[in-house]
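Engineer: Taken in order, the sequence shown gives residues 567 to 703; the numbers are from the working numbering. Note that beta-carbon positions come from the ideal geometry of N, C-alpha and C, so glycine has one too. Just dropping this structure here.
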Amino acid sequence: MPAEISFAAWSSYHQSRLGVPLESGSDYNGDGFSNQDSYALAQPPGVSFPGMGVQFRVGDTGILAEHDRWIDPSDLDYIYEFSDDLQTWQFADPILDFERIHTTRFDDGRERVLLRFPLYEGQSRRYYRLSAQPPED
Ligand SMILES: [Ca+2]
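So, in structure tokens, the structure goes:
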């Protein structure tokens, strides 16, 4: 992959190998996840869900979430959010609401992160999601 990671660089790299255009909103492999989603999760356009998705599991002390991402993309911020009712979503603060407990760095600009969202006594239900958005200035 090019040194400067962006959707444009990712799509250009894969377009030249696959010989087809890779628009951000289209779905190269028809798995229901857009090329933009594949890019955000640092996967080639032919990798299908669930391989490319965020893997959640319950640990002894919280919910563990693991996924691949770019180390320093120029056009994305990775935002974690949580909800108790799937209606109202709150920003998960990287200090107050979760911790990164392991990072594996790869030599192609990707990293695999393992995050822990703690469980609280009395908490009956909580939902989590990852949003990859253009950075705010
Ligand atoms: Ca897809």
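#1: Any residues whose CB sits closer than 6 Å to a heavy atom of ligand 1? List them in chain order?
#2: In whole angstroms, what separates the C-alpha of alanine 575 from that of isoleucine 667?
#3: If you follow the beta strand (DSSP E) that phenylalanine 615 is part of, which residue opens it and which one closes it?
#4: Would you decide whether tyrosine 646 is buried or exposed? Buried here means 16 or more other CB atoms lie within 10 Å of its CB.
#5: Starting from alanine 606, trace the alpha helix (DSSP H) in both directions and tell me its first and last residue.
#6: Suppose you measure from the CA of histidine 580 to the CA of leucine 607; what does that come to, to the nearest Å?
Structural biologist: Checking against the coordinates, here is how it stands:
#1: Asp593, Tyr594, Asn595, Asp597, Phe599, Ser604
#2: On the sequence shown, residue 575 is found 9 positions in, with the first residue counted as 1. On the sequence shown, residue 667 is found 101 positions in, with the first residue counted as 1. Rounded to the nearest angstrom, the two C-alpha atoms are 30 Å apart.
#3: By one-based count along the sequence shown, residue 615 stands at place 49. That residue, phenylalanine 615, is in no beta strand (DSSP E); it is neither H nor E in DSSP.
#4: As a working mapping, residue 646 is identified with position 80 in the sequence shown. Tyrosine 646 comes out buried.
#5: In the sequence shown, residue 606 corresponds to position 40, counting from 1. Run containing alanine 606: 601 to 606, per the alpha helix (DSSP H) assignment.
#6: As a working mapping, residue 580 is identified with position 14 in the sequence shown. As a working mapping, residue 607 is identified with position 41 in the sequence shown. If you take the alpha carbons of histidine 580 and leucine 607, they lie about 15 Å apart.
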